[in-house]
Amino acid sequence: LAKTTQPISMDSYEGQEVNITCSHNNIATNDYITWYQQFPSQGPRFIIQGYKTKVTNEVASLFIPADRKSSTLSLPRVSLSDTAVYYCLVGDTGATNKLIFGTGTLLAVQP
Amino acid sequence: EAGVTQFPSHSVIEKGQTVTLRCDPISGHDNLYWYRRVMGKEIKFLLHFVKESKQDESGMPNNRFLAERTGGTYSTLKVQPAELEDSGVYFCASSQDGRNNSPLHFGNGTRLTVT
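Sequence lines, in order, name chains E and U.
The first sequence begins at 1314 in the working numbering and counts up by one.
The second sequence begins at 14 in the working numbering and counts up by one.
So, in structure tokens, the structure goes:
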């Protein structure tokens, strides 16, 4: 079964780059790794998705090593509005399509 | 396109009562998921539908929880009878493809409080 671990919380200042890592063992070999952002009283919102190496979109980058046992979400130049909980989402091993959330990282951005 | 909608947004019930949560996925999304967040941040998988069929219900806590998706459109999650530990936020999500190869679209959740 897949197991995921994320830091409980991280602090940052506006304008800094933030890297959040999710460790994930025993994930499905053919699935993407996805990251979500969640604000209070809202559902998780898709940020970025990747399979291997590096993926970049307009809001973030995602780094995935060859062994796919971890992934790192990189947020360039964070702002106060990036204060939220960030989750990785991975596919579990096995015959079903169970998708497992990471434990979540609360990012607090200070002015 | 309309997003995933959940109803109600909040529900407060007494222990022993019954509550039914509803989720309307994005039109055309065959995959529908229920998740629950309790005791802080962790979001736990409950079950996964593909159209009207339960693909995986291994996360359902016990037989007090019943999920249905008649006709493969909207889904309901019934808790009967509710217990105190059932309190939490219940999220529904839908996606076009199964597994993790297309993003999940989440509703804003139903906050359930059992007193």
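Backbone N, C-alpha and C fix where the C-beta goes; we use that ideal spot for every residue, glycine too.
Considering only their Cβ atoms, is the gap separating residue 1392 of chain E from residue 1422 of chain E smaller than 8 Å? With contacts defined by Cβ atoms closer than 8 Å, residue 1422 of chain E and residue 1392 of chain E form a contacting pair.
Neighbour list for residue 1341 of chain E in chain U, Cβ cutoff strictly below 8 Å: For residue 1341 of chain E, the neighbours in chain U by C-beta distance under 8 Å run, in chain order, 112 and 113.
Near-chain U residues of the region 1400–1421 of chain E (beta-carbon distance less than 8 Å), N- to C-terminal order: Of all residues in the region 1400–1421 of chain E, those with a C-beta nearer than 8 Å to a C-beta of chain U are 1400, 1402, 1403, 1404, 1409, 1410, 1411, 1412, 1413, 1414, 1416, 1417 and 1419, reading in chain order.
So, is the C-beta of residue 21 of chain U closer than 8 Å to a C-beta in chain E? No, no contact with chain E.
Reference residue 146 of chain U, options U/114, U/110 and U/99, closest by Cα: There is no way to answer for residue 146 of chain U, as the model of chain U reaches only from 14 to 128.
What's the call for residue 59 of chain U, buried or exposed, on a 16-neighbour Cβ count within 10 Å? Counting Cβ neighbours within 10 Å, residue 59 of chain U comes out buried, since at least 16 surround it.
Is it the case that the CB of residue 1357 of chain E approaches a heavy atom of the ligand ATP more closely than 7 Å? Judged by which ligands are present, the structure shown has none, so any question about the ligand ATP falls away.
Between which two residues does the beta strand (DSSP E) carrying residue 1362 of chain E extend? 1358–1363 is the extent of the beta strand (DSSP E) around residue 1362 of chain E.
Taking its Cβ as the centre, do 16 or more other Cβ atoms sit within 10 Å of residue 1321 of chain E, making it buried, or is it exposed? Counting Cβ neighbours within 10 Å, residue 1321 of chain E comes out exposed, since fewer than 16 surround it.
Quick one, are the C-beta atoms of residue 1338 of chain E and residue 1316 of chain E less than 8 Å apart? Yes, these two residues count as a Cβ contact at 8 Å.
Using the Cα positions of residue 1377 of chain E and residue 1385 of chain E, report the straight-line distance between them to the nearest angstrom. Looking at the two C-alpha atoms, the distance is approximately 7 Å.
Could you tell me whether the Cβ of residue 1363 of chain E comes closer than 8 Å to any Cβ of chain U? It does not; no Cβ of chain U falls within 8 Å.
Residue 1420 of chain E and residue 1396 of chain E - do their beta-carbons sit closer together than 8 Å? Going by C-beta atoms, residue 1396 of chain E is nearer than 8 Å to residue 1420 of chain E.
If we define contact as Cβ-Cβ less than 8 Å, is residue 1396 of chain E a contact residue for chain U? Interface criterion not met: the Cβ of residue 1396 of chain E is under 8 Å from no Cβ in chain U.
Do residue 89 of chain U and residue 34 of chain U have their CB atoms nearer than 8 Å? In this structure, residue 89 of chain U lies near residue 34 of chain U, with their beta-carbon atoms less than 8 Å apart.
Below 8 Å, can you find three or more Cβ-Cβ pairs linking the region 72–84 of chain U to the region 1396–1405 of chain E? The answer is no - the region 1396–1405 of chain E does not touch the region 72–84 of chain U, with fewer than three Cβ pairs under 8 Å.
Contacts around residue 63 of chain U, its chain only, beta-carbon distance under 7 Å, and the 5 residues preceding and following it disregarded: Counting only residues of its own chain and dropping the five nearest sequence neighbours on each side, residue 63 of chain U has a CB closer than 7 Å to the CB of 43, 44 and 111.
Beta-carbon separation of residue 1345 of chain E and residue 114 of chain U under 8 Å? Cβ distance < 8 Å, so residue 1345 of chain E and residue 114 of chain U count as in contact.
Could you name the residues of the same chain whose beta carbon sits closer than 8 Å to that of residue 41 of chain U, not counting the 5 residues immediately before and after it, in chain order? Closer than 8 Å at Cβ, skipping near neighbours: 109.
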